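Protein chains: 2
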Amino acid sequence: KHTCSLSSYQFLSSPIVSHSIDSKCRCKAEWRPNNSPKLLDLLDDTVPGIGTYEDFNTIDWVREKSKDRDRHREITNKSKQSTVALLFSISDAFSGWLLMLLIGLMSGALAGGIDIAAHWMTDLKEGVCLNGFWFNHEHCCWASNETTFQERDKCPQWKSWILLFPVCVLQGPGLYVVNYFMYMCWALLFAFLAVILVRAFAPYACGSGIPEIKTILSGFIIRGYLGKWTLIIKTITLVLAVSSGLSLGKEGPLVHVACCCANVLCHFFTKYRRNEAKRREVLSAASAVGVSVAFGAPIGGVLFSLEEVSYYFPLKTLWRSFFAALVAAFTLRSINPFGNSRLVLFYVEFHTPWHLLELIPFVLLGIFGGLWGAFFIRANIAWCRLRKNTCLGHYPVLEVVVVTLLTAFLAFPIEYTRMSSSELISELFNDCGLLDSSKLCCYTSNSGSASGSVNATAANGLGARLVGPDLYTAMWQLALALLLKMIFTVVTFGMKVPSGLFIPSMAVGAIAGRLLGVCMEQLAIRHHEGDIFRGWCSPGADCITPGLYAMVGAAACLGGVTRMTVSLVVIMFELTGGLEYIVPLMAAAMTSKWVADALGRESIYEAHIRLNGYPFLEAKEEFRHKTLATDVMQPRRGDPLLSVLTESRMTVEEVERLIADTTYSGFPVVISQQSPRLVGFVLRRDLVISLENARRNQEGVVSMSPILFTECDPPMSPSAPPAVKLRSILDLSPFTVTVHTPMEIVVDIFRKLGLRQCLVIQNGRLLGIITKKDILKHMAQMANRDPDSILFN
Amino acid sequence: KHTCSLSSYQFLSSPIVSHSIDSKCRCKAEWRPNNSPKLLDLLDDTVPGIGTYEDFNTIDWVREKSKDRDRHREITNKSKQSTVALLFSISDAFSGWLLMLLIGLMSGALAGGIDIAAHWMTDLKEGVCLNGFWFNHEHCCWASNETTFQERDKCPQWKSWILLFPVCVLQGPGLYVVNYFMYMCWALLFAFLAVILVRAFAPYACGSGIPEIKTILSGFIIRGYLGKWTLIIKTITLVLAVSSGLSLGKEGPLVHVACCCANVLCHFFTKYRRNEAKRREVLSAASAVGVSVAFGAPIGGVLFSLEEVSYYFPLKTLWRSFFAALVAAFTLRSINPFGNSRLVLFYVEFHTPWHLLELIPFVLLGIFGGLWGAFFIRANIAWCRLRKNTCLGHYPVLEVVVVTLLTAFLAFPIEYTRMSSSELISELFNDCGLLDSSKLCCYTSNSGSASGSVNATAANGLGARLVGPDLYTAMWQLALALLLKMIFTVVTFGMKVPSGLFIPSMAVGAIAGRLLGVCMEQLAIRHHEGDIFRGWCSPGADCITPGLYAMVGAAACLGGVTRMTVSLVVIMFELTGGLEYIVPLMAAAMTSKWVADALGRESIYEAHIRLNGYPFLEAKEEFRHKTLATDVMQPRRGDPLLSVLTESRMTVEEVERLIADTTYSGFPVVISQQSPRLVGFVLRRDLVISLENARRNQEGVVSMSPILFTECDPPMSPSAPPAVKLRSILDLSPFTVTVHTPMEIVVDIFRKLGLRQCLVIQNGRLLGIITKKDILKHMAQMANRDPDSILFN
């Protein structure tokens, strides 16, 4: 044994020797048979807890993926031995698909339930159905025989609340006031319930959840954020919040709900329960499912997950996400919550093609969208910061109540703010058809046909569509609604209720777009002899579709806020189903992104991640500074030396003291303090658990017992206490960079490999360490921000 | 100077010292001001050639990206100084978009031209238009007034060749024989021209090009593969090859053509001309463009590029690819080569929804597709290997001629092989409409209405569709066509003409699908009272769409051959435009992939990459073996020691001898042979160029001049020859792994960071090197293949 260790040491200090690794040290046979580094032995962890993470910690992707590959290898090897193991191996291979199927089914069902419930409760604010209180307004009148096609939403079965009490027979203004009051009461009740439930049972259920999901997907651990309580409470409170009439949407939270489903379902599959990296693949797919059910756009959902949310998105996940998104979309469609057997939320069909010159107003809408995005992000972040730093933050319930009251108070008088945002968008997107009774379609025809509803296929000769008096009113109301929506969306996003901003943003854009569209239309009709319109608008023809403008505006505003690009266009494309309108959508989305990026690089999600100080390493933006690894590594100039462990010369007591004195989450192991050449890296958590385990279970371990990370035991006197051998928890292949490595490359390595820390070497000597937090702090510093904000709080 | 160097050396051999890097060595001021490693100085390369690559070499992605970031930084810094520089910086930022626009326009125009030319020349084999020889059959008859709607493709202006010569008035069989002969003559002429042109001007223009593009995108350099000659010749010969009636498609080669366009256009933009990594981003976008124009499916094209072709696909490229793909699709549509203002190649609209039970035949089609894929890959690779290893490979022209003759000879008698593959697919996909005159729609109605063409909307009560005698003939012909297509596709793919296999694969699948579809249809009609069909097929109703089966079969076969998944489904989805049929398509594509994967892991492209020995590191499949870096690194056990340079003790002569004696493409630089601690890495090409440059331009450099890689000069006698300082070409941050690093992690690092080599360290000492080729050889070895096949040949 003595010889062995001597030759081993001799080797370590010998000049360049190739292959000495397996030729010199005889006791290498100890570990050589399994031919793998000890890192992989964590699989059969006899000591429980080794290889897991604490809350609010970052995972090590490389380690997790190694663990999974090892598990897979073991299963493959065993499968050759027995039929049972073979069956197990097959079931293991298909468990991923089964999980996706379950996630799709569950998310689709939940989304359908949320849609139906929200629809019903929104209508409940106005009245109740006499045929059965569980019918919403639309279903109530469908069931009725007395409804004419013209007035689909008026039927005797649907009673507004006040009419239920025959005592108070109110008329005109009185009736209006009581309805107003009832509307506010219901809104208040819903919002209050929502915020109370969130506060009481699941504080993580508030907000949209996308910033946190991005952080979790990048490898952070927030226990309970995707748990079953969050799922239940978020589902319930989402319905309440949407029904309360606040300026928020259910699309973002649906992503959170789908991720909760995925996380809960992961617990039934060992493969995914035990491995943080594998679970994140599933969560990436789940966020695709969320968007798929929110908009009925499976391809858009997958691209959203790829572009906006995911951090690690291998091709296998792409394929599985797509499968899950499709299953979810089909589940939702068979539930048929909108009652029209359409998969999509806003189905539109336009009849008139667009003209190349219309790109100018579309680009204008893009600019508006970009400005709105930049304004919204600044205003919302300022408001959230105010909430965080002043006493406002101590009264979340009061805040919700006040905002709800104000919203309801101001929203009720205007038709377009009273209706739910999705209905509003639906109406704005709509091309005025033959039988459309909406005020937005109240054109007067100048060819003398009946006013009110005019044939939209004006090309048939029914005359041009001039604005009628009702449309004038509608336009003013829309302008007012635009203003209100903008203000309330800023204030609402970030409150302690589930709140998404897809729908409010789209509503803002759709209103702006529709307004511009109607203006353009009137311009074209009145100046169809002008130079611009001559070649394109024949008199009496209907050459501009205001609904298309609304759609382009919605895309522009959503793009400005979220900075989505391809996924946005694809979602919009899936809404309309025609390649025709991709170019207008893309022109607007591109302009919007450029304008918004010029005013501030961050999307709303990234701004919230930064506001909350999550340790998120943005994969999109390149690190462009000229710093080197030596400028970032710890310890900094003047700090005490790097805390290291040595391979063989430390005692249990010394190590325990080091652990107690420092808070680092890992320690490099070197040959000796005098010769700081790197041997490996050991994680604090593993070290603590192993030492406790040794103290408890290994006989004769005392404070003076030496700790050995070496392959073979050094010579020792027989009276010495037994050594604690910890090579099994040592990572023998830590990542290293040299001091001269540019930070841009270091950042790239961290992003692409998902590292947690990296050691800094110069000419073979260990000089320092760079962790993910060091990088984030450095990036904050380079951007002139407070580096200490990078902490979870 | 002496002091400085002393302290520098002292530092290098001192124990752990943090920050010594900028505190100890005074002469650090020499390089500190620009605060960057010398690697980045390559930008202002005074020595031309440094930082470029030789042909058939692998690029270093990290270096290329560093170069680009540096360039960007420089432009940004300058832009703050003057308005001109600011404008330049803006134009630089938008040059990427401009390039995408140009690629889209050029590829769209070329694709349109190819479509029109191929269509015309295919018809030329049969006859000519009297109104003008440049009309194809369809256009010729459109222009004619004497065409009835029923017989759109018969008009007096279109003459088959023989009728042009009034002397020989042939009838019946004689006419047929002469037409047969003319058909074969034209086919032979086209194929002969194609192969001669390819042989004479651009040998790289043959084949589909996708395997090579995959290799190039992964970082390999093949000069001329994407050059202007390849572009011109490939465009021309593609038209010839398609028109010759060989069993090949133009879709794969269109990807190559689009990439050539991109590469040629890159030469006009310094940013992309100079940087291999940036150029590869553009090429990724170009392959999306290729698929976009081939199928009229921009989203599918982007996903194809992402899933199948690209190696490095950042989000920015996603967005740009999408833009370019859209521009190309719109350019193509405005050229309108199909004359129907449809963007897509095979526009279909089905009227009957599918039933859940139909998933069983769809899965059967998937199994067929998988079997076909596996068979095709094996047979084609065996055939190509035969061509490579026997004298067959010496007569490529003869091979093409013989195959063309055989194809034409066997194809002419059968209607479905005589027509071009795209027309065939179109006809097979088609739902039998009211006015369809195709033989495939010759049903006899059992309710007594006129036979021939029967109303497809049988739900109206026009009765069920039984197979008529014409349809029986058609079925037999189709079965024969299936067999012929299968054999000829195997033989054709890989010949020295441009040849894609998308269309032939789809044709095989479509035929099989249509056959199965018709069988199912008849089964349903005859057994509509049976247990299976009762709940679903009411008597007289038309509940099965054979066209849908053809589409599903096409997707399955294409999936089996290429192993595409999401992109395949999305392309098919864009062809139909309905979410309805995604589930059948996905079921078939999934089954097909699983079946094919069970029989062989490689797609046809990967198989061809391996056949040709390209150094391609597959990103999809995980490396699952338990080897360590030490098992793979060079030098192997028993080999001579690693060739290294030392920091300061080598002379010009020694280095030149080392260069002459070895063929390595780079050398590690260590402190000294006795203390092999890594300083950096220098590339052979850079070293050779620098030494030549020093010999030529630096005064007093002789063979005994020392070569210095150190920061500051060591003490030297005044009489010594002047030193050659080469620190500027030294990469101070080479990537390192430890000997214990599992190969799975090493492979992951190579893939994700795009490395070219990586040094292997143990406890601070350099032990070996791993290059991309070592990894590929090792992987081949682990898969029991010949490791020496990994070489470009």
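First to last, the protein sequences are chains V and S. If you read the first sequence in our numbering, its first letter stands for residue 145, the second for the next number, and so on. If you read the second sequence in our numbering, its first letter stands for residue 145, the second for the next number, and so on. Backbone N, C-alpha and C define an ideal beta-carbon position, used for all residues, glycine too. The structure displayed is predicted, hence computed values, not measured ones.
- Fewer than three Cβ pairs drawn from the segment 345 to 361 of chain S and the segment 221 to 240 of chain S lie within less than 8 Å of each other, which leaves the two stretches out of contact.
- A direct Cα-to-Cα measurement between Cys410 (chain S) and Ala472 (chain S) gives close to 17 Å.
- Burial of Lys916 (chain V) is indicated by the presence of at least 16 other C-beta atoms within 10 angstroms of its C-beta.
- Judged by DSSP in its simplified three-state form, Arg909 (chain S) adopts strand.
- For Val845 (chain V), no beta strand (DSSP E) segment is defined, and its DSSP state is neither H nor E.
- The distance from the Cβ of Gly657 (chain S) to that of Leu450 (chain S) is about 27 Å, inconsistent with a contact at the 8 Å cut-off.
- Leaving aside the five residues that flank Glu198 (chain S) on each side, the residues in its chain whose CB is nearer than 7 Å to its CB run, in chain order, Arg829.
- When C-beta atoms of the segment 327 to 339 of chain V are compared with those of the segment 535 to 544 of chain V, three or more pairs fall below 8 Å, so the two segments count as touching.
- Taking Trp680 (chain S) as the centre and dropping the five residues before and after it, the same chain places the C-beta of His499, Leu501, Cys687 closer than 7 Å to its C-beta, in chain order.
- Three or more beta-carbon pairs separated by less than 8 Å link the segment 378 to 396 of chain V to the segment 559 to 568 of chain V, which places the two stretches in contact.
- Along the segment 495 to 525 of chain S, none of the residues has a CB nearer than 9 Å to a CB of chain V.
- The DSSP-derived three-state label of Lys583 (chain V) is helix.
- At a C-beta separation below 8 Å, Lys896 (chain S) has these neighbours in chain V: Lys896, Leu897.
- For the C-beta of Val546 (chain V), not a single chain S residue is nearer than 9 Å; the gap to the nearest is close to 40 Å.
- For the segment 463 to 481 of chain V, residues whose beta-carbon sits nearer than 8 Å to a beta-carbon of chain S comprise Trp463, Phe466, Phe467, Leu470, Ala473, Phe474.
- One finds Pro458, Leu459, Lys460 in chain S with Cβ atoms closer than 9 Å to the Cβ of Lys764 (chain V), taken in chain order.
- Counting only runs of 3 or more residues that sit fully inside the segment 751 to 783 of chain S, no beta strand (DSSP E) segment turns up.
- Under the DSSP definition of a beta bridge, Trp302 (chain V) partners with V:Cys273.
- In this structure Leu584 (chain V) is in contact with Ala618 (chain V), their Cβ atoms being roughly 5 Å apart against a cut-off of 8 Å.
- Residue state for Asp875 (chain S) is assigned as strand, using DSSP reduced to three classes.
- For the pair Ala864 (chain V) and Asp857 (chain V), the CB atoms are not nearer than the 8 Å cut-off.
- With contacts defined by Cβ atoms closer than 8 Å, Val776 (chain V) and Leu835 (chain V) do not form a contacting pair.
- Taking Val727 (chain V) as reference, the option from V:Tyr693, V:Cys535, V:Leu660 with the minimal CA-CA separation is V:Tyr693.
- For the 8 Å CB-CB criterion, Thr790 (chain S) and Ser816 (chain S) form a contact.
- Leaving aside the five residues that flank Trp286 (chain S) on each side, none in its chain has a CB nearer than 6 Å to its CB.
- Exclusion of the five residues before and after Gly691 (chain S) leaves Val492, Phe494, Leu572, Phe573, Asn574, Asp575, Cys576, Arg658, Gly661 as the residues of its chain whose Cβ lies within less than 8 Å of its Cβ.
- Spanning the alpha carbons of Gly844 (chain V) and Ser861 (chain V) requires a straight line of approximately 15 Å.
- The three-state reading of DSSP puts Thr709 (chain V) in coil, since its state is none of H, G, I, E or B.
- For Leu822 (chain S), the enclosing beta strand (DSSP E) begins and ends at 822 to 827.
- The C-beta of Met730 (chain S) comes closer than 8 Å to at least one C-beta of chain V.
- Under the 10 Å beta carbon count, Cys405 (chain V) is surrounded by 16 or more other beta carbons and is classified as buried.
- Of the other Cβ atoms in all chains shown, 16 or more fall within 10 Å of the Cβ of Met244 (chain S); this residue is therefore buried.
- One alpha carbon belongs to Gly389 (chain S), the other to Cys329 (chain S), and they sit about 11 Å apart.
- Membership of Phe811 (chain S) in the beta strand (DSSP E) is indicated by the continuous run 810 to 814.
- Taking the beta carbon of Arg217 (chain V) as reference, the chain S residues within 9 Å of it are Arg768, His769, Lys770, listed in sequence order.
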